[in-house]
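First up is the structure itself, then whatever we jot down about it.
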Amino acid sequence: MPLELIPIPCRTDNYAWLIHDPATDTTTVVDAPEAAPILRELYARGWKLTHILITHHHPDHTDGAPMLEAATGARLIGAAADTHRLPHLTEEVTPGEVIPVGMQAVAVIDAPGHTLGHVAYHFAEAKLAFTGDSLMAWGCGRLFEGTPAQMWGTLTRLAALPPDTLICSGHEYTQANGRFALSLEPANPALIARMAAVAAARAEGRPTLPVPLSLELATNPFLRASDPALRAAIGMTEASDLEVFTALRALKDRF
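Here UniProt numbering is used: the first residue of the sequence shown is 1, the next is one more, and so on.
Here's what the structure looks like:
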């Protein structure tokens, strides 16, 4: 039976991701910006929360975790490297591990850049990747703690997942990220078409996530550092991919 995936809007622009496995009656949430909207969704659907996966330590991804754990008895799982700044964990994980969540084998992917201890979670069988604030819809997270090289390594790892993987990131930033992409290549037809679809979704109050990795590979400037058209657009035809990514991230920071 396929997993059920529910994006739960939280705070101003965050998402928590609720994943229900009907075969085992297990329910997982990835990131917990606040508890109340998640608990409401659980109660409305009659689901019992069994796992809480945390991508990184920022409060807008963790504030609701202690209350959820107390209310449901769910296992609280996060990176061992960040135990000193995460809520108290039931289970510590390290990149490269594969952990069981219901019947799913979930790979823990090293994803530093936004923060040093950031991880992503890949549900390979279900073709889902929960990327927090690393790879984002049409963008990537700011480099608050890591280096451009670390974030470029993260994006390279995530870009290597199967193209039909659905990317579930942590914020509704897609429209703003698209404006930046279009500022670089205003005549790019793929970007224009994507922005039209994003604008229509937001006008109807619909989330713009999840997104197929294939769409990110085709339109996300931070995954296209080797694309000759994008390199030409920013005048960096002879630079390395890392140099192009670094320049793009600096341009976005000033956008």
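Backbone N, C-alpha and C fix where the C-beta goes; we use that ideal spot for every residue, glycine too.
Quantities reported herein were computed from a predicted structural model and do not represent experimental measurements.
Kindly indicate which residue of Ala-176, Asn-220, Val-29 has the alpha-carbon position closest to the one of Ala-65.
-> For this step, residue 65 is matched to residue 65 along the sequence shown. When only C-alpha atoms are compared, the closest one is Val-29.
Going by C-alpha distance, which of Leu-184, Arg-179, Pro-212, Pro-210 is nearest Ala-196?
-> Here residue 196 refers to the residue found at position 196 when the sequence shown is read from its first residue. Closest option to Ala-196, Cα to Cα, is Arg-179.
Could you name each continuous alpha helix (DSSP H) segment of 4 residues or more that falls completely within the UniProt domain "Metallo-beta-lactamase" (13–171), going from the start of the chain to the end?
-> Runs of the alpha helix (DSSP H) inside the UniProt domain "Metallo-beta-lactamase" (13–171): 35–45, 59–62, 65–72, 148–159.
Look at Ala-74 and His-51 and say whether their C-beta atoms are less than 8 angstroms apart.
-> Taking the first residue of the sequence shown as position 1, residue 74 is located at position 74. Taking the first residue of the sequence shown as position 1, residue 51 is located at position 51. In terms of Cβ geometry, Ala-74 and His-51 form a close pair [threshold 8 angstroms].
Euclidean distance between Cα positions of Pro-162 and Leu-86 = Within the sequence shown, residue 162 is the residue found at index 162, counting from 1. Within the sequence shown, residue 86 is the residue found at index 86, counting from 1. Cα-Cα distance, rounded: 30 angstroms.
Please report the Cβ distance between Thr-208 and Ala-137, rounded to the nearest whole angstrom; I am assuming they are in contact, meaning their Cβ atoms lie under 8 angstroms.
-> Working through the sequence shown from its first residue, we reach residue 208 at position 208. Working through the sequence shown from its first residue, we reach residue 137 at position 137. Indeed, because the Cβ distance is near 6 angstroms, the residues count as touching under 8 angstroms.
Spatial neighbours of Asp-253 in its chain, beta-carbon cut-off 8 angstroms, leaving aside the 5 residues before and after | One-based indexing of the sequence shown puts residue 253 at position 253. If the five residues before and after Asp-253 are omitted, its C-beta is found closer than 8 angstroms to the C-beta atoms of Arg-142, all from its own chain and listed in chain order.
Leaving out five residues before and five after Ala-126 in sequence, what residues of the same chain have Cβ atoms less than 6 angstroms from its Cβ?
-> What you label residue 126 is simply residue 126 of the sequence shown in a count that begins at 1. Contacts found: Leu-3.
In DSSP terms, what Leu-5 is bridged to = If you number the sequence shown from 1, residue 5 lands on position 5. The partner list for Leu-5 (beta bridge, DSSP) reads Ile-19.
Report buried or exposed for Pro-151, applying the criterion of at least 16 other Cβ atoms within 10 angstroms of its Cβ.
-> Here residue 151 corresponds to residue number 151 of the sequence shown, with the count starting at 1. Position check: residue 151 holds Met in this sequence, whereas Pro was assumed. Looking at its Cβ environment, which holds 16 or more other Cβ atoms inside 10 Å, Met-151 is buried.
Distance between Ala-129 and Asp-31 (C-alpha atoms, nearest Å) | By 1-based counting over the sequence shown, the position of residue 31 is 31. By 1-based counting over the sequence shown, the position of residue 129 is 129. Taking C-alpha positions only, Asp-31 is separated from Ala-129 by approximately 13 angstroms.
Secondary structure at Pro-228, three-state DSSP: helix, strand or coil?
-> Residue 228 sits at position 228 when you count from the first residue of the sequence shown. It is helical.
What are the complete alpha helix (DSSP H) segments, minimum 4 residues, inside the region 173–199?
-> 174–184
Cutoff 6 angstroms; reference Thr-97; Cβ partners in own chain excluding five residues on either side | Within the sequence shown, the letter at position 97 stands for residue 97. The sequence shown places Glu at residue 97, not Thr. Here the set comprises Val-108.
Assign Thr-115 to one of two classes, buried (16 or more other C-beta atoms within 10 Å of its C-beta) or exposed (fewer than that).
-> By one-based count along the sequence shown, residue 115 stands at place 115. By the neighbour-count rule (16 or more Cβ atoms within 10 Å), Thr-115 is buried.
Taking 8 angstroms as the cut-off, decide whether the C-beta atoms of Cys-140 and Phe-222 are in contact.
-> Numbered from its first residue, the sequence shown carries residue 140 at position 140. Numbered from its first residue, the sequence shown carries residue 222 at position 222. Yes, these two residues count as a Cβ contact at 8 angstroms.
The alpha helix (DSSP H) enclosing Ala-247, as first and last residue numbers | For the purposes of this step, residue 247 is taken as the residue at position 247 of the sequence shown. That run of the alpha helix (DSSP H) goes 241–254.
Should Glu-172 go down as buried or exposed, given a rule of 16 or more other Cβ atoms within 10 Å for buried?
-> For the purposes of this step, residue 172 is taken as residue 172 along the sequence shown, with counting starting at 1. By the beta-carbon neighbour count (other beta carbons within 10 angstroms, threshold 16), Glu-172 is buried.
Taking Pro-59 as the reference, give the member of Ala-218, Ala-105, Cys-10, Pro-22 with the closest Cα.
-> By 1-based counting over the sequence shown, the position of residue 59 is 59. Selection Ala-218, Ala-105, Cys-10, Pro-22 evaluated against Pro-59 yields Cys-10 as nearest (Cα-Cα).
For Pro-212, three-class secondary structure by DSSP = By 1-based counting over the sequence shown, the position of residue 212 is 212. Here Pro-212 sits in strand by DSSP.
Classification of Asp-133 by the beta-carbon crowding that lies within 10 angstroms, buried from 16 upward = Sequence index remark: in the sequence shown, residue 133 carries index 133 (1-based). Per the 10 Å Cβ criterion, buried.
CA-to-CA distance, Glu-204 to Val-198, given in whole angstroms = Along the sequence shown, read from residue 1 onward, the residue named residue 198 stands at position 198. Along the sequence shown, read from residue 1 onward, the residue named residue 204 stands at position 204. Computed Cα separation, rounded: 10 angstroms.
For Ala-105, I'd like the list of residues in its chain whose CB is within less than 6 angstroms of its CB, leaving aside the five on either flank, ordered along the chain.
-> Walking along the sequence shown from the start, residue 105 turns up at place 105. Within the same chain, Ala-105 has close Cβ partners Val-98.
Could you give the C-beta distance for Leu-217 and Ala-159, rounded to a whole number, given that I count them as a contact under 8 angstroms?
-> The residue you call residue 217 lines up with position 217 of the sequence shown. The residue you call residue 159 lines up with position 159 of the sequence shown. Their Cβ separation, rounded to whole angstroms, is 6 angstroms, which keeps Leu-217 and Ala-159 in contact under 8 angstroms.
Label Glu-69 either buried or exposed according to how many other C-beta atoms from any shown protein chain fall within 10 Å of its C-beta, with 16 as the threshold for buried.
-> On the sequence shown, residue 69 is found 69 positions in, with the first residue counted as 1. The Cβ neighbour count for Glu-69, taken over all protein chains shown within 10 Å, is at least 16; the residue is labelled buried.
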